[in-house]
Every structure is written in structure tokens, then in C-alpha cells.
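> My questions will all concern the structure given below.
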Amino acid sequence: MSEFRPYPTDDAVFGQSLTGGSIEPAFSGVTSFMRRRLTRDLTGVDAVVWGIPFDASVSNRPGARFGPQAVRRASAILCGDPQYPFHADPFENMVVVDYGDCSLDYGHNERAPAFIEGQAAEILKSGAHLFSIGGDHFVTYPLLKAHAAIHGPLALVMFDAHQDTWDDKGDRIDHGTFVGRAVREGLIDAEHSIQIGIRTHAPETCGISIIHGEDVHRLGVDGVIGKIKERVSGRPAYMTFDIDCLDPAFAPGTGTPVSGGLSSREALMILRGLSGIGFVGGDVVEVAPAYDHADITAIAGSSVAQYYLGLLDERRKAGG
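Residue numbers are given in the working numbering: position 54 of the sequence shown equals residue 161, and the series is strictly consecutive.
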């Protein structure tokens, strides 16, 4: 630092290194996820954070298209210190960049699945690990297609208030039908998939194991972790976290809130316990900041992403 520049600013653009945390004040600068470099050069990159500002498939309140912006803004408070509860800076050796947002045409929402899948495939072709920020939960469908094209059928670890298995003949753009569609298309290995926090009824389970919201309390955090690990059983896995898995007290800023959900603490403790699972990709979705208060939903969403990257860094250090 020079005499007239006591702190770095705009690390997302002008940072001197792709590794290491940032000490830039949380309230200033160009916003990227946890101050990671904003770039589309994936040379030497280990993991990518990518925004998908799409919410044309919601069945209730719109607004999740602003989710990537909100999560990035909230993530600034997570920078600069060893990341709790991992006792480490995940960016010390793991190169993570913010790839910006998916390119979409609001006048052609029917083409959104192809846009998302194609651009995700381009990122994955580089060999980088992809974590995405939605957007509504439909975006997970084309993301699953891009990941399954590389890894085959995936064990889905899904945190949600809804099963998202409503009827779909394969032609809907709908955040409430994509799971059933993905099972029928062979993107998801239902026998090794699990949903956590469900608090609504749907016509079918599609063979996916369910831990209802009230069961989380009965089983306790360790019990839930055990059931997830037993179900996934060493398969390539994809994690999707719909923020409405949390109770509206902890995540009011979402399109379809349902009472009786997990607390932020419960959800993060469960995530922390998923070390060793072979996640090949993940996302956090349905943050809709227009209904939020004091950024508490966006903070929860950014914390989910931070924990996911912590798990990824931990697995890399263990040689996984």
C-alpha cells in the first residue's frame, strides 16, 4: 500500500493475484463473489462462480433474476479472514474466479435452457469446477444436463421446501417440474439422490429419498448428515440449495416461502458435515432480494456458496 492508498480497492478487477483473500472494505469496490477476479480467462482456474439471472419459470413471486447480484454483494462481508468453520483461506491455493453472468435473451425464454446448458458446458470443458448462483430453480435442469454429459447420472443432494416433481411432458420451463424431468431423462440417479427440508406434498417422489423439514429436527444434524452420505454412497454428486429450504424467518427473500423450515445454523452445520462427498458441481437458487430484509436471505445464500467452496478446498487438500 502507498501513503495515499491504505487499502486495496476494486480487487475484482485490479487485484494483484488470483489467490489469497481480500482485505478490501466490504462496503466499497466492484462487486464480485468474495472479491474473486472477474474474468473469463479460465487458464489455471480450479473453480468458477457463475451467475444465472433467470426467473421466468416461477409459480409465485418473481425476482430471483436479481439473486446473483444480491449474493455477490452480501458475500463481501465474508472476505479477508480465515473462513469459518474451515480454519483456512480456501483461496490460498485454490484459484477461484467470478465468471460473471450467463448471457440470456429475455425475449426468448424458451431458449434459456439451451443458453444455460451451452455456456455451462463451455466452462466445464476447461476442467474448472462450476458453482452457480440463480436465478429460479429451473436453472438447475440445464446445469444437470451439462454436468451429466461429463459424469453420467448424478446423485442429487437437494435442499428445498418443495420436491419439484410435478408433471412435465418434457416441454415446460417450470421450476416445479425439473426434478421429475431430470430423473426420467437419466440425469439424476434417483436411487442415490436425497431431498432435505421438504415441507410440501407432490404427486410422486420419483424414487428420491426425502427428509421432511420436521424430520430434520427429529433426526438432528448428525442424523441428517449420515443419511445423506449413506444415500450418495460414493457416487458423483450435484448439490442444489433452494434458499426456501430455510424457514422464512431466516430467508424471507424468496419466491415461494414455506413455514417450518431449517434455520441457517442447521443448514450450514449439515453442509459442513458433507466433507468427502464427491460433488462435481453445485448451485444456490431462488434468492429474490425484493422480498428480503437487511440482506439476511442474500447473506444466507452467500454463506451456502462459501461453505461449498470450503468443502471443495478441503477435498482438494485431501487429494480428492
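We put the CB at the ideal spot given by N, CA and C, even for glycine. Bear in mind that the values here come from a model prediction, so they are computed numbers and not experimental data.
Exposed or buried, Ala-221, counting other C-beta atoms within 10 Å across all chains shown (16 or more means buried)?
In the sequence shown, the residue the question calls residue 221 occupies position 114. Exposed, by the Cβ-count rule.
> How many angstroms separate the CA atom of Gly-314 from the CA atom of Arg-291?
Translated into the one-based positions of the sequence shown, residue 314 becomes position 207. Translated into the one-based positions of the sequence shown, residue 291 becomes position 184. Cα to Cα, Gly-314 sits roughly 11 Å from Arg-291.
> Could you check what DSSP says for Met-376 in three-state terms: helix, strand or coil?
Stepping through the sequence shown from its first residue, residue 376 is reached at position 269. In the structure shown, Met-376 sits in a helix (DSSP, three-state: H, G or I).
> Please classify Asp-188 as buried or exposed, where buried requires at least 16 other C-beta atoms within 10 Å of its C-beta.
The count along the sequence shown starts at 1 and reaches residue 188 at position 81. Asp-188 is exposed by the Cβ-count criterion.
> Gly-322: which of Ser-300, Phe-348, Ala-268 and Leu-375 sits nearest, CA to CA?
Here residue 322 corresponds to residue number 215 of the sequence shown, with the count starting at 1. Here residue 322 is Asp; the residue named in the question, Gly, does not match the sequence. Out of Ser-300, Phe-348, Ala-268 and Leu-375, Ala-268 has the C-alpha closest to the C-alpha of Asp-322.
> Closest by CA to Phe-357, which one among Thr-404, Gly-330, Gly-383 and Arg-142?
As a first step, residue 357 is located in the sequence shown; it is residue number 250 there, counting from the start. Of Thr-404, Gly-330, Gly-383 and Arg-142, the residue nearest in Cα terms is Thr-404.
> Give the straight-line distance between the Cα atoms of Gly-367 and Ile-335, rounded to the nearest whole angstrom.
To locate residue 367, count along the sequence shown from 1; it is residue 260. To locate residue 335, count along the sequence shown from 1; it is residue 228. Each residue's alpha carbon lies about 20 Å from the other.
> When you compare the CB positions of Met-141 and Asp-420, do they come within less than 8 Å of one another, or not?
On the sequence shown, position 34 is the one that residue 141 refers to. On the sequence shown, position 313 is the one that residue 420 refers to. No, the Cβ-Cβ distance between Met-141 and Asp-420 is not below 8 Å.
> Could you round the C-beta distance between Met-346 and Val-264 to whole angstroms and report it? I think they count as a contact, below 8 Å.
Looking up residue 346 in the sequence shown gives position 239. Looking up residue 264 in the sequence shown gives position 157. That belief holds up - the Cβ atoms of Met-346 and Val-264 are roughly 5 Å apart, short of 8 Å.
> Does DSSP put Gly-287 in a helix, in a strand, or in coil?
Within the sequence shown, numbered from 1, the residue matching residue 287 stands at position 180. DSSP places Gly-287 in helix when its eight states are reduced to three.
> List in chain order: all unbroken beta strand (DSSP E) runs of 3+ residues lying wholly within the segment 235-312.
Correct list: 236-241, 262-266 and 301-305.
> Please report the straight-line C-alpha distance between Val-203 and Leu-125, rounded to a whole angstrom.
In the sequence shown, residue 203 corresponds to position 96, counting from 1. In the sequence shown, residue 125 corresponds to position 18, counting from 1. Those two C-alpha atoms are separated by around 7 Å.
> Specify whether the segment 206-224 and the segment 146-156 touch according to this definition: at least 3 beta carbon pairs, one from each stretch, less than 8 Å apart.
Yes, since at least three Cβ pairs between the segment 206-224 and the segment 146-156 fall closer than 8 Å, the two stretches touch.
> What did DSSP end up calling Tyr-114 once you bin it into helix, strand or coil?
If you number the sequence shown from 1, residue 114 lands on position 7. In the structure shown, Tyr-114 sits in coil (DSSP, three-state: anything other than H, G, I, E or B).
> I'd like to check one pair, Asp-354 with Leu-378: are the Cβ atoms closer than 8 Å?
Your numbering for residue 378 matches position 271 in the sequence shown. Your numbering for residue 354 matches position 247 in the sequence shown. No, the Cβ-Cβ distance between Leu-378 and Asp-354 is not below 8 Å.
> Out of Gly-127, Phe-193, Gly-304 and Glu-298, state which residue places its alpha-carbon closest to the alpha-carbon of Val-365.
Against the sequence shown, residue 365 aligns to sequence position 258. Here the closest residue by C-alpha is Gly-304.
> Measure from the alpha carbon of Leu-237 to the alpha carbon of each residue in Ala-227, Phe-245 and Arg-172, then state which is nearest.
The count along the sequence shown starts at 1 and reaches residue 237 at position 130. Answer by Cα proximity: Ala-227.
> I'd like to know if Tyr-414 contacts chain D, where contact means its C-beta is closer than 8 Å to some C-beta of that chain.
Protein chains in the displayed structure number just one, and chain D is not present.
> In the DSSP assignment, find the unbroken alpha helix (DSSP H) run with Gly-327 in it and report its ends.
Here residue 327 is taken as the residue at index 220 of the sequence shown, counted from 1. 320-339 is the extent of the alpha helix (DSSP H) around Gly-327.
> Please return the same chain residues whose Cβ sits closer than 7 Å to the Cβ of Met-376, not counting the five positions on each side in sequence.
Locating residue 376 in the sequence shown gives position 269, counting from the first residue. Here the set comprises Val-328.
> Taking only three categories from DSSP, how would you classify Met-141?
Locating residue 141 in the sequence shown gives position 34, where the first residue counts as 1. Note: Met-141 maps to helix in three-state DSSP.
> Put Val-156 into one of helix, strand or coil per three-state DSSP.
Numbered from 1 along the sequence shown, position 49 holds the residue referred to as residue 156. Residue state, collapsed to three classes: strand.
> If you check the beta carbons only, do Ser-382 and Arg-422 fall under 8 Å apart?
The count along the sequence shown starts at 1 and reaches residue 382 at position 275. The count along the sequence shown starts at 1 and reaches residue 422 at position 315. Contact: yes.
> Can you tell which of Ala-289, Val-411 and Leu-251 has the C-alpha that lies nearest to the C-alpha of Asp-275?
Walking along the sequence shown from the start, residue 275 turns up at place 168. The shortest Cα separation from Asp-275 among Ala-289, Val-411 and Leu-251 belongs to Ala-289.
> Is the beta carbon of Gly-136 closer than 8 Å to that of Gly-362?
Translated into the one-based positions of the sequence shown, residue 362 becomes position 255. Translated into the one-based positions of the sequence shown, residue 136 becomes position 29. Not a contact, by the Cβ cut-off of 8 Å.
> Taking DSSP as the reference, what is the three-state secondary structure of Thr-126?
Translated into the one-based positions of the sequence shown, residue 126 becomes position 19. In the structure shown, Thr-126 sits in coil (DSSP, three-state: anything other than H, G, I, E or B).
> What residue range is occupied by the uninterrupted beta strand (DSSP E) comprising Gly-360?
What you label residue 360 is simply residue 253 of the sequence shown in a count that begins at 1. Counting along the chain, Gly-360 falls outside any beta strand (DSSP E), and DSSP gives it neither H nor E.
> Ignore the nearest five residues each way along the sequence and tell me which others in Gly-388's own chain have a CB closer than 6 Å to its CB.
Residue 388 sits at position 281 when you count from the first residue of the sequence shown. Around Gly-388: Leu-237, His-254 and Tyr-345.
> Terminal residues of the continuous beta strand (DSSP E) containing Ile-386?
Locating residue 386 in the sequence shown gives position 279, counting from the first residue. Per the sequence presented here, residue 386 reads as Phe, with Ile not at that position. Its beta strand (DSSP E) spans residues 386-392.
> In angstroms with no decimal places, state the Cα-to-Cα distance between Arg-147 and Ile-230.
Residue numbering aside, residue 147 sits at position 40 when the sequence shown is read from its first letter. Residue numbering aside, residue 230 sits at position 123 when the sequence shown is read from its first letter. When rounded, the distance between both Cα atoms is 9 Å.
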